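Remarks on the structure that follows.
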Amino acid sequence: MMFANMEILPLDFACAEKAAIIYKDLKKKGMLIEAEDLFIGATAMHHSLKLATGNIQHFERIEGLTLIKKE
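Here the sequence shown is numbered in full-length UniProt numbering, starting from 1 and rising by one per residue.
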């Protein structure tokens with residue numbers, strides 16, 4: 001199975017706190033994204049992970065988030 005070795009990361013207080021910081025920054029810039037994307041990006045950043053996504057448009061707004069882009 002493709003997902004057998006994947007770890008599910010919890011949405012804990014540290015991730016929620018990071019999401020709030022990202023939200024504040026994006027709101028100030030007038031570049032808000034959906035809450036779900038905030039939490040996904042914040043969780044990746046908190047765990048120092050790169051994020052693979054087809055939704056580059058939203059996630060590239062998060063400063064400091066490393067994206068894996070489809071070539």
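All C-beta atoms in this analysis are idealised placements derived from N, C-alpha and C, irrespective of residue type, glycine included.
Since the structure is predicted, the reported quantities are computational estimates derived from the model, not experimental observations.
Span separating the alpha-carbon of residue i from that of residue j
| i | j | result |
| --- | --- | --- |
| E49 | E34 | Here residue 49 turns out to be Leu, not Glu, going by the sequence shown. Computed Cα separation, rounded: 20 Å. |
| K24 | I62 | 11 Å |
| H58 | K28 | 16 Å |
| L65 | N5 | 23 Å |
| E7 | L67 | 19 Å |
| A14 | H46 | 7 Å |
| N55 | G30 | 19 Å |
Candidates the options, of which the one nearest residue i by Cα
| i | options | result |
| --- | --- | --- |
| L9 | I68, F39, G64 | F39 |
| L20 | A4, M6, E7, T43 | Inspection of the sequence shows that residue 20 is occupied by Ala rather than by Leu. The candidate whose alpha carbon is nearest that of A20 is T43. |
| T53 | H47, G41, G64, G30 | G41 |
Backbone secondary structure at residue i - three-state DSSP
| i | result |
| --- | --- |
| I68 | strand |
| L51 | strand |
| D37 | helix |
| E17 | helix |
Neighbour-count burial assignment, residue i, 16 or more Cβ in a 10 Å radius
| i | result |
| --- | --- |
| D12 | exposed |
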